[in-house]
Amino acid sequence: MKFIRWILGRLILLLNALFAPKPMVRSSEAQQQVDAQTSKLKLYQYLACPFCVKTRRAIRRLGLNIETRDALHNPTFREELETQGGKQQVPCLQITHDDGSVEWLYESSDVIAYLQSRFT
Ligand SMILES: N[C@@H](CCC(=O)N[C@@H](CS)C(=O)NCC(=O)O)C(=O)O
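Set out below in structure tokens:
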């Protein structure tokens, strides 16, 4: 079962690489402004999780530079996700607001809807 899951994960990564979405193009000034905003966002994720792949594809399509944090292999990120986010589920977007408060947004569809509403 673990092996089948591993094979499926690799297949998803291969298809994702072969059919990578085209990123939105912005002027360098607009991209710099967006980059400043996305520096406050971190995506806790697993490399081969289908929901994470779906979210990373949306991030790429929107032309966003968002740091990804491997919550499977990095024990610090795993611990942060569980204790500060509230549960061990990926993808999860950590949003640091201008007032310093931190929000943890779970569910791939909600993360994508949030990014689309903010960056399109
Ligand atoms: N409905 C969720 C499903 C996310 C989900 O099932 N993620 C799995 C990984 S593919 C997970 O975090 N499982 C918990 C774990 O691995 O500890 C979404 O769309 O984000």
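In the working numbering, the protein residues as written are 1 to 120. For each residue, glycine too, the CB sits at the ideal point set by N, CA and C.
Quiz item: In three-state DSSP terms, what is E67?
Solution: Here residue 67 corresponds to residue number 67 of the sequence shown, with the count starting at 1. Of the three classes helix, strand and coil, the one that applies to E67 here is strand, per DSSP.
Quiz item: With respect to 6 Å, is the separation between the Cβ of E103 and the closest non-hydrogen atom of ligand 1 below this value?
Solution: Taking the first residue of the sequence shown as 1, we reach residue 103 at position 103. Checking every heavy atom of ligand 1 against the Cβ of E103, none is found closer than 6 Å.
Quiz prompt | Three-state secondary structure (DSSP) of E103 | solution = Locating residue 103 in the sequence shown gives position 103, where the first residue counts as 1. When secondary structure is reduced to three states using DSSP, E103 falls in the strand class.
Quiz item: In chain order, what residues have a CB nearer than 7 Å to some heavy atom of ligand 1?
Solution: That query returns the following residues: Y46, C49, P50, F51, C52, Q88, Q89, V90, P91, Y106, E107, S108, S109.
Practice problem: For the alpha helix (DSSP H) containing Y114, list its first residue and its last residue. | Solution: For the purposes of this step, residue 114 is taken as the residue at position 114 of the sequence shown. Run containing Y114: 108-119, per the alpha helix (DSSP H) assignment.
Quiz prompt | Buried or exposed (CB count within 10 angstroms, at least 16 for buried), K42 | solution = Residue numbering aside, residue 42 sits at position 42 when the sequence shown is read from its first letter. A buried status is given to K42, since no fewer than 16 other beta-carbon atoms sit within 10 Å of its beta-carbon.
Quiz item: In chain order, which beta strand (DSSP E) runs of at least 3 residues are fully inside the segment 31-92?
Solution: Taken in chain order, the complete beta strand (DSSP E) segments of 3 residues or longer contained in the segment 31-92 are 41-45, 67-70.
Quiz prompt | Beta-bridge pairing of I95 - partner residues as DSSP gives them | solution = To locate residue 95, count along the sequence shown from 1; it is residue 95. I95 is bridged to L41, E103.
Practice problem: Compute the distance between the beta-carbons of C92 and G85, then report whether it is under 7 Å. | Solution: The residue labelled residue 92 in the question sits at position 92 within the sequence shown. The residue labelled residue 85 in the question sits at position 85 within the sequence shown. The criterion of a C-beta distance shorter than 7 Å is satisfied by C92 and G85.
Quiz prompt | CB of I38 within 7 Å of CB of I66, strictly | solution = As a first step, residue 38 is located in the sequence shown; it is residue number 38 there, counting from the start. As a first step, residue 66 is located in the sequence shown; it is residue number 66 there, counting from the start. The sequence as given places Thr at residue 38; Ile does not occur at that position. In contact: T38 and I66 (Cβ atoms closer than 7 Å).
Quiz item: In or out: F19 buried (at least 16 other Cβ within 10 Å) or exposed?
Solution: Against the sequence shown, residue 19 aligns to sequence position 19. Counting C-beta atoms within 10 angstroms of its own C-beta, F19 has fewer than 16 neighbours from the protein chains shown and is therefore classed as exposed.
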